[in-house]
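Residue numbers (my numbering): 25 to 305. Positions of the beta carbon are idealized from the N, C-alpha and C atoms, including for glycine. For reference, the structure discussed in these notes is given below.
Dropping the structure here:
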């Protein structure tokens with residue numbers, strides 16, 4: 025049995041952020057109105073993208089209506105609210121960037137590729153290629169975790185299958201001031217079967233572990249590029265029904281705090297918070 029909880033290669037459930045753009049602008053709708061209509065823009069480095077704040081992530085296994093109707097009602101209301109926001113964002117985005125650039129299926133396919141390659145690079149300690157597909161806020165923490173992997177073993181990771189097609193948890197059109205709108209941040213839920221293999225370099229014995237893993241992963245796509253470019257920028261944990269709705273307007277009070285927030289959420293293999301392991305009454 026392989027245990028990499030300290031380094032975090034396999035674990036159940038994760039997720040919750042926003043990006044370096046102000047959540048207050050997104051909620052107020054200003055971010056959807058303040059961009060330039062011209063397609064000319066300065067190049068924004070996707071490497072800088074990170075998650076500053078939490079977003080609502082619905083529970084993957086909610087309690088039943090019979091055992092806890094109050095929590096189920098709370099979840100239903102939140103899900104409907106989130107569905108409305110995501111639907112409006114998608115309609116607005118399609119209208120503003122045009123049908124030719126609105127390609128959610130291609131975004132999803134790219135997200136699957138980035139998610140798969142990120143796990144593969146981490147297992148192989150391939151920091152060079154990892155840096156090309158993740159933002160600095162993901163690359164930094166994962167590089168540190170690579171150093172914790174045993175030097176007497178070689179690891180390999182494989183995506184066996186997707187139990188479900190990645191589900192959109194959140195979609196946020198993002199624009200820089202006076203810039204054309206061509207960035208979109210999407211959070212997907214990945215429900216998959218994965219295999220982690222560990223080769224003992226001395227004995228040549230291979231130990232493999234197959235597990236179901238549910239991850240909530242955030243990506244930033246530049247939809248103006250052909251082909252589309254994207255980076256994996258962090259992860260979020262589920263929002264417990266008994267917890268307050270995440271405040272998308274909460275912002276870091278300083279540059280140092282903002283950097284710390286993005287780095288924490290960029291560590292996609294970080295341990296689950298305690299509330300994830302405690303079942304609600």
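| Check | Outcome |
| --- | --- |
| Under the three-state DSSP convention, the category residue 85 falls into | coil |
| Completely contained beta strand (DSSP E) runs for the segment 235-266, where each covers 3 or more residues | 253-259 |
| Per DSSP, the bridge partner or partners of residue 192 | 212 |
| Environment of residue 196 [buried if 16+ CB atoms lie within 10 Å] | buried |
| Best match in 126, 110 and 136 for proximity to residue 182 [C-alpha to C-alpha] | 136 |
| Distance between beta carbons of residue 186 and residue 308, contact taken as under 8 Å | Because the chain spans 25 through 305 in this model, residue 308 falls outside it and cannot be assessed. |
| Secondary structure of residue 207, DSSP reduced to three states | strand |
| Per-residue burial, residue 295 [other beta carbons within 10 Å of its own, 16 or more giving buried] | exposed |
| Inter-residue Cα distance where the pair is residue 208 and residue 225 | 43 Å |
| N-terminal and C-terminal residue of the alpha helix (DSSP H) that residue 296 is part of | First-last for residue 296: undefined, no H or E at that position. |
| Segment limits, beta strand (DSSP E) that includes residue 180 | 177-186 |
| Residue burial classification, residue 165 (beta-carbon count within 10 angstroms, cutoff 16) | buried |
| Residue 282 beta carbon less than 7 Å from that of residue 76 | yes |
| Cβ neighbour criterion (16 or more within 10 Å) applied to residue 73 | buried |
| Inter-residue Cα distance where the pair is residue 148 and residue 259 | 21 Å |
| N-terminal and C-terminal residue of the alpha helix (DSSP H) that residue 151 is part of | 151-157 |
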